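Everything in the sequence shown is counted per this note's numbering, starting at 90 for the first residue and increasing by one.
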Amino acid sequence: MDAYTATITFLLFMFLSLPNTRAQTQPQLNERIKPGSSLSPPINDYHSSWLSRSGQFAFGFYKQGNNGFVVGIWLVGKIHSTLVWTANRDDPPVTSTAKLQFTMNGTIILTDQQGQEKLIVDANARASSASMLDSGNFVLYGDNNNSSIIWQSFDHPTDTLLGGQSLPCGGQLSSSLSEINSSTGRFRLNMQADGDLVLYPAYTAETEWDAYWTSNTKVDYGVNVKYHLYLNNTGLLQILNTNNGSSRITTLSSAGDDQQTIYRATLDIDGVFRLYACYNDGSNIIMGSWPGKNPCDVNGYCGYNSLCTFDDDKPVCNCLTGYKFIDANIDTLGCESNYSKVECRGDKDDMDFYNMVPVNNIVWNDRPYLKDEGMSSEDECSFACLVDCNCWAAIYETGSCKRQGLPLRYLKRTHEADDSTTAFLKVGNSSIQSSKGDENPFAFPLPINTTREVNKIIPWEVIDNNVLESMIKVALWCIQDDPFLRPTMKGVVLMLEGVTDIAIPPCPRGLENILPIVKVFLSPSCVEIVR
């Protein structure tokens, strides 16, 4: 070997023997994280984290939309990652100047851009090390025994359960607010002390009216049970009885056949609890969903004063007549009134300011504040609500009248005739306008003297009485102020041909001049209003 070759070989050997200082700045995969370690939000990279041994899970700073960073755990994906746990989820995101420290005192602290410190993990004991496990569980180990776990993220779920994780008796999952905001959202899943696993809108009482799905595993009062929800590593989702050797109570899903698949059960932002199989290629397959596939079955999906309709395999939110979206860009936030409320007197004088508008094919799951028995008709029920200061909607069902107060909740439209009914909404007259804002939207081809009768304008020998009556009713439906109430052309044809019954139309505006002619075809409450 000549001198030149020997020199090159020596230099190459020395270079390869140098320590990799870059690698030492971050823990190795599944290396125990020691006090003194820290993380900062990345400037160019998407996340900054401590990884599990497999690299499938990470703990650290997760970039959330354009709002900044949150501290959490995520399932690492090839295309996009999935956040499965968030620390202090209702705190505002931090900027790129924040810092996460595993202090020498054995605690994990977040220092934000203002220099304020926030405890991320409260272990109530000094930790000697930490680790991000392949299960997705971030753990802290005790000071005296490195194998003793003193804190784990699995004990504090936010919106997701992972394989090997339980939701204990009294535990709760809360949905996130949106895809880019992991703050506490609008729905919750409770593992109740009575043994029932129940879905509710957030911030509601635990009543049967507010619940929109239940496992039906409730036990009799006084029976000693301690149920918990458990997701195993093969995707088997079960409710187990801890007090009886973890005996199975009910199974919500079947097990998968791939040990390499990661399973997660998440209460999604739409209020549906879904079980996902997460594959190595980054795809997520839904293995089960509760309730079903129709988000309109979720109480409060569309927010207050709105109506949920399931069309073309997707939910559509519309404001009820007399209401407008709180935020036109987010239709699930609900609606607010678009008219000024006047002082209610509780008598016929209120008819000067309000009108009752029907909404057909409705399923209404909310509890009424008053249920009147013995009412004989929809008109009587509607009028009772009109003169009731607390009533803003009413439903008539076979002799009973259910009155609802504000806010109006849990309405959905259905195409199943057996399950639906007609609701009557109290709406301010100022909000009932034609689509073009015309104060007098009615135009007739011949002058009508209000003292004449219909048979003096169009003699009965020219057209049959029943046919004329049908034509007038259909015409009144076609000029409704709310476009949502107007029939389609197909509906008009079916009504005129007698295939479909023609209901008594609600009261449009501008009837003062023709009331004596058409009043026979309108509801009594409408006639009282326009007089």
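Virtual Cβ for every residue (Gly too), placed ideally from N, Cα, C.
Nothing here was measured: the structure is a model prediction, and the numbers come from that model.
Open item on the list: Using 8 Å as the threshold, is the C-beta distance between Ile358 and Glu268 below it?
Closed with: yes
Task: Outcome for Met193 when other beta-carbon atoms lying within 10 angstroms are tallied against a minimum of 16 - done: exposed
Task: Continuous beta strand (DSSP E) stretch holding Leu621: start and end - done: Here the chain covers residues 90 to 620 and nothing more, so residue 621 does not appear.
Task: Residue closest to Gly587, alpha-carbon to alpha-carbon, out of Glu206, Asn479, Lys562 - done: Lys562
Task: Within 8 Å, strictly: CB atoms of Asn279 and Glu297 - done: no
Task: Given 8 Å, three or more beta-carbon pairs between the segment 460-472 and the segment 418-427 - done: no
TODO: Flag Phe191 as yes when its Cβ comes closer than 7 Å to any non-hydrogen atom of the ligand SAM, and as no otherwise.
DONE: In the structure shown, the ligand SAM is absent, as is every other ligand, since no ligand is present at all.
Open item on the list: How far does the alpha helix (DSSP H) with Leu585 in it extend, from its first residue to its last?
Closed with: 578-585
Open item on the list: Assuming Leu229 is part of the alpha helix (DSSP H), what are its boundary residues?
Closed with: Per DSSP, Leu229 belongs to no alpha helix (DSSP H); it is in the beta strand (DSSP E), 227-231.
TODO: Name the residue from Gly284, Ala483, Tyr458, Gln202 whose alpha carbon lies nearest to the alpha carbon of Lys188.
DONE: Gln202
Open item on the list: Checking 8 Å against the spacing of the C-beta atoms, do Ile162 and Phe150 come in under that value?
Closed with: no
Open item on the list: Taking 8 Å as the cut-off, does the segment 479-488 touch the segment 379-388 (at least 3 CB pairs, one atom from each stretch)?
Closed with: no
TODO: Within its chain, find whatever has a CB closer than 6 Å to the CB of Trp240; leave out the 5 residues flanking it on each side and keep chain order.
DONE: Val210, Ala212, Leu229
Open item on the list: I need the DSSP call for Lys545, collapsed to helix, strand or coil.
Closed with: Reliability fails at Lys545, whose pLDDT of 46 lies under 50, so the model's placement of it is uncertain and the value that follows must be treated cautiously. Three-state result, Lys545: helix.
TODO: Kindly identify the DSSP beta-bridge partner or partners of Phe399.
DONE: Pro404
Task: According to DSSP, residues forming a beta bridge with Lys501 - done: Cys397, Val452
Task: Local conformation of Cys433 per DSSP, three classes - done: coil
TODO: Let me know if Arg434 comes out buried or exposed under the rule of 16 or more other beta-carbons within 10 Å of its beta-carbon.
DONE: exposed
- [ ] Provide the residue(s) that pair with Asp461 in DSSP beta bridges, ordered along the chain.
- [x] Cys490
Task: Residue environment, Gln153, which counts as buried when at least 16 other CB atoms sit within 10 Å - done: buried
TODO: Using only alpha-carbon positions, find the residue among Ala473, Thr293, Asn454 that is nearest to Phe445.
DONE: The question names Phe, but residue 445 in the sequence shown is Met. The option with the nearest alpha carbon to Met445 is Ala473.
Task: Min CB distance Ser264 to chain D below 8 Å - done: Reference to chain D is not applicable here, since this structure consists of a single protein chain.
- [ ] Sort Ser170, Gly166, Ser217 by Cα distance to Ser126 and report the nearest one.
- [x] Ser217
Open item on the list: I'd like to check one pair, His317 with Ser255: are the Cβ atoms closer than 8 Å?
Closed with: yes
Task: Under the three-state DSSP convention, the category Cys367 falls into - done: strand
- [ ] Give the range of the beta strand (DSSP E) segment to which Ala147 is assigned.
- [x] 146-153
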